[in-house]
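Participant: Each residue of the sequence shown is one higher than the one before, counting from 146 in the numbering used here.
Let me give you the structure first, and then I'll get to my questions.
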Amino acid sequence: MTKLIRFQVIGEERMHCASCEARVVLGLRRLPGVRDVHASAQTQQISVSVDSGPVTSEQLQEKLLELGYRAEPVARDH
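This is how it looks when you write it as structure tokens:
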């Protein structure tokens, strides 16, 4: 089963262009269990589709920090 985890980039460092988006996409796709990634410089949001289990939200956050972006999970609307 897959789940969608969304993040909002916070802090001073922002995604500014398509290269920034590609860096995030390629970096997160290297993690086990990540199926798809969409990053938007316009909204500063990152959506990650993952298999349940292999990767956690915290691991994704750590990887984003390694890539230079502080991000926090976006609460899902119910």
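Here a beta-carbon is modelled for each residue, glycine too, at the ideal position from N, C-alpha and C.
Predicted, not measured: the structure shown is a model, and the values here were computed from it.
Give the range of the beta strand (DSSP E) segment to which leucine 149 is assigned.
Facilitator: Segment 147-155, the beta strand (DSSP E) holding leucine 149.
Participant: In the structure shown, what three-state DSSP assignment does serine 197 receive?
Facilitator: Correct three-state label for serine 197: coil.
Participant: Buried or exposed for lysine 208, going by 16 or more other Cβ atoms inside 10 Å?
Facilitator: Counting Cβ neighbours within 10 Å, lysine 208 comes out buried, since at least 16 surround it.
Participant: Nearest to valine 200 by alpha carbon, out of Met160, Ser164, Gly213 and Arg180?
Facilitator: Among Met160, Ser164, Gly213 and Arg180, the Cα nearest to that of valine 200 is on Arg180.
Participant: For isoleucine 174, which of Asp196, Gln187, Met160 and Glu217 has the nearest alpha-carbon?
Facilitator: This sequence places arginine at residue 174; isoleucine is not what is there. Looking at the Cα atoms, Asp196 is the closest of the given residues.
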